[in-house]
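*Asks:*
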Amino acid sequence: MNKAERTAIEPKREENYSEWYQQVIKAADLAENSEVRGCMVIKPWGFAIWENIKTYLDRMFKETGHQNAYFPIFIPLHYFEKEAEHIEGFAKECAVVTHSRLEADEQGKLKPAGELTEPYIVRPTSETIIGASFARWVNSYRDLPLLINQWANIVRWEMRTRLFLRTTEFLWQEGHTVHETEEDARLETLRMLDVYAKFAEEYLAIPVIKGAKTESEKFPGAVDTYCIEAMMQDKKALQCGTSHFLGQNFARASNIRFQNREGEFQYAWTTSWGVSTRLIGALIMTHSDDNGLVLPPKIAPAHIAIIPIYRNDEEKDKVMTLAHKLSNELRQVNFDGIPILTELDNRDLTSSERNWYWIKKGMPLRIEIGPRDISSNSVMISRRDENPKDKHRIMIEEVVDYCKTTLPEMQKNIFLKAKDFREQNTVKIDSKEEFYRYFTPKNEEEPEIHGGFAHSHWCGNPLCEEKIKEDLKVTIRCIPLESEKEEGKCIYCGQPSSQRVIFAKAY
Ligand SMILES: [Zn+2]
């Protein structure tokens, strides 16, 4: 694209990526900051994306045998104290409820009163409160596996927040399962990682790498943490979902025991896994451009904006009749199993204003219908994954077919574009010098712009990991599951290593 060409978002990605991100959210009207520190208001277009994420993921959870349930938002403090690593990991970001009511003083000012004998923590994650229920529900091997999911809100008192990526309150789902054997629990952990990877790639069109976290990056209290990692357009990594094998740690803490096939009581094996509204941040940062949001059709709240154009009542009648007819016809067909949704935009605005409104919101297709189009028996269709100026003249009787085939094609293109970007910004590095150069910003004005993903050897020593983090703010994103064993030398200390890991800067 020509640099002088007008774009809807200022600044552009390459000028100031984090400000660009905020401006895309604003232009697409997805969410806004609230007066409550670190908490966001999710607006209808943003929430509709979350509803779609929920719908499709929920279906995948149920197809893999899970059921939904709901547990309290408040966790008694002593539940939390039972798992030492867990409390250590979350202690610094807990909202704590200490009072139960308000009382007015002599000046009429409200003060908290009714101090609780035991404080409650507002859930930062629910392993302990759900564990308390599971301890009651699980008695025999016949009760297993227990496969539960909860859709809920979470509070983590974050110091630095950013819409969708890191907020004090966010929405998520958390799966919690109980198993008879270690093997079953490990299989479940990886099964759900696969579900997340499939969802991210097939619906969000975000290519992800499945891997294991290192000791220092894993979930507090877990034995093993697995994740899916994606590359954003500033070449930083974003963790899009995690799945934890908890061993018997939480079963011990919550006393989840069952009578096994030999008639003896033993501790169960548990897992937990989650994704959150952070996925919307990933969606924005992976696909959007300098004209605003770009949505993969399968996750878009609607698919086609129909923009009627007319100058007088006579033209209006003709144009609106066709607009309604097309909208109704399109709403009766599916693409990739998803019913097509249309927005007929007849607002009192110029066609250019209405076009830009939908471009910024990431509407996959726009159909303009004017009197001249009707006389030529055709309409103009534009695709969000092409230049806003590009328009295709499509005969009216071919519109439905065109949309039905173009939407899946766009879904695929958007995925391949993101995958291509990741591949172009991924390198194997074997020299420490080159590694340090790769992760050093190209110039001081663009501290965000740096290499990308480096596949390099690591000896397994947390000290090497720590040093690299200190020097470069680069972390091991994961030890990829689908990579081959290979002899090499640690990028930091030169000690022997058996596998490459992924290093990157991350959100
Ligand atoms: Zn090392």
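Position one of the sequence shown corresponds to residue 3 (my numbering), numbered consecutively onward.
Ideal Cβ positions, reconstructed from N, Cα and C, are used throughout, including at glycine.
All values derive from a computational prediction rather than experimental measurement.
When the Cα atoms are used, what is the spatial distance from residue 465 to residue 218?
*Replies:* So the alpha carbons of these two residues sit roughly 10 Å apart.
*Asks:* Nearest-angstrom Cα distance between residue 4 and residue 388?
*Replies:* The predicted position of residue 4 is uncertain, since its pLDDT is 45 and thus under 50; no value can be drawn from it.
*Asks:* Which value, in whole angstroms, describes the spacing of the CA atoms of residue 336 and residue 300?
*Replies:* Their Cα atoms are separated by approximately 11 Å.
*Asks:* Taking the CB atoms as reference points, tell me whether residue 431 and residue 457 lie closer together than 9 Å.
*Replies:* Yes, these two residues count as a Cβ contact at 9 Å.
*Asks:* Is residue 149 helix, strand or coil by DSSP?
*Replies:* It is a strand residue.
*Asks:* Could you tell me if the beta carbon of residue 501 falls within a distance shorter than 8 Å of some heavy atom in ligand 1?
*Replies:* Answer for residue 501: no, Cβ out of range of ligand 1.
*Asks:* Of the residues 86, 30, 244, 142, which one's Cα is nearest the Cα of residue 266?
*Replies:* It is 142.
*Asks:* Assess contact between the segment 184–191 and the segment 167–174, defined as three or more Cβ pairs (one per stretch) separated by less than 8 Å. Is contact present?
*Replies:* At 8 Å Cβ cutoff, the stretches do not touch.
*Asks:* Please state the DSSP three-state secondary structure of residue 5.
*Replies:* Any answer about residue 5 is weak, because its pLDDT of 46 lies below 50 and its placement is not dependable; what the coordinates show is given next. Coil, per DSSP.
*Asks:* Say whether the segment 92–109 touches the segment 158–166, bearing in mind that this needs 3 or more beta-carbon pairs closer than 8 Å, one atom from each stretch.
*Replies:* In short, these stretches touch, since the Cβ pair count reaches three.
*Asks:* Is residue 84 closer than 9 Å to residue 255 when the C-beta atoms are compared?
*Replies:* Cβ distance < 9 Å, so residue 255 and residue 84 count as in contact.
*Asks:* Can you tell me whether residue 397 is helix, strand or coil according to DSSP?
*Replies:* Residue 397: strand per DSSP, three-state reduction.
*Asks:* DSSP has residue 491 in a bridge; who is on the other side?
*Replies:* Bridge partners of residue 491: 498.
*Asks:* Can you tell me whether residue 378 is helix, strand or coil according to DSSP?
*Replies:* The answer is coil: DSSP assigns residue 378 none of H, G, I, E or B.
*Asks:* Which runs of the alpha helix (DSSP H) fall wholly inside the segment 305–332 and span at least 4 residues, in chain order?
*Replies:* For the segment 305–332, whole alpha helix (DSSP H) runs of length 4 or above, ordered along the chain, are 315–332.
*Asks:* Would you mind reading off the limits of the alpha helix (DSSP H) that contains residue 252?
*Replies:* Counting along the chain, the alpha helix (DSSP H) containing residue 252 begins and ends at 251–256.
*Asks:* Could you check if residue 422 is buried or exposed, using at least 16 other CB atoms within 10 Å of its CB as the buried criterion?
*Replies:* Exposed.
*Asks:* Return the first residue and the last residue of the alpha helix (DSSP H) that residue 53 is part of.
*Replies:* First-last of the alpha helix (DSSP H) with residue 53: 46–65.
*Asks:* Report, in whole angstroms, the separation of the C-beta atoms of residue 1 and residue 491, which I expect to be a contact under 8 Å.
*Replies:* Since the first and last residues shown for the chain are 3 and 509, residue 1 lies out of range.
*Asks:* Can you tell me which residues form a DSSP beta bridge with residue 294?
*Replies:* DSSP, once it has assigned bridges, lists 291 as partnering residue 294.
*Asks:* Could you check whether the Cβ of residue 496 sits closer than 8 Å to any heavy atom belonging to ligand 1?
*Replies:* Correct: residue 496 has its Cβ closer than 8 Å to ligand 1.
*Asks:* Give me the Cα-Cα distance between residue 126 and residue 290, rounded to the nearest whole angstrom.
*Replies:* Residue 126 and residue 290: Cα-Cα distance of roughly 30 Å.
*Asks:* Quick check on residue 221: does DSSP put it in helix, strand or coil?
*Replies:* DSSP places residue 221 in coil when its eight states are reduced to three.
*Asks:* What residues match up with residue 229 in a beta bridge as DSSP calls it?
*Replies:* Residue 229 pairs with 213, 244.
*Asks:* Exposed or buried, which one is residue 72 when buried takes at least 16 other CB atoms within 10 Å?
*Replies:* It counts as exposed.
*Asks:* Tell me the DSSP bridge mates of residue 99?
*Replies:* Beta-bridge pairing links residue 99 to 122.
*Asks:* Rounded to whole angstroms, what is the Cα-Cα separation between residue 30 and residue 463?
*Replies:* Taking the straight line from one Cα to the other gives about 45 Å.
*Asks:* Who pairs with residue 481 in a beta bridge, going by DSSP?
*Replies:* DSSP output for residue 481 lists 214 as bridge partner(s).
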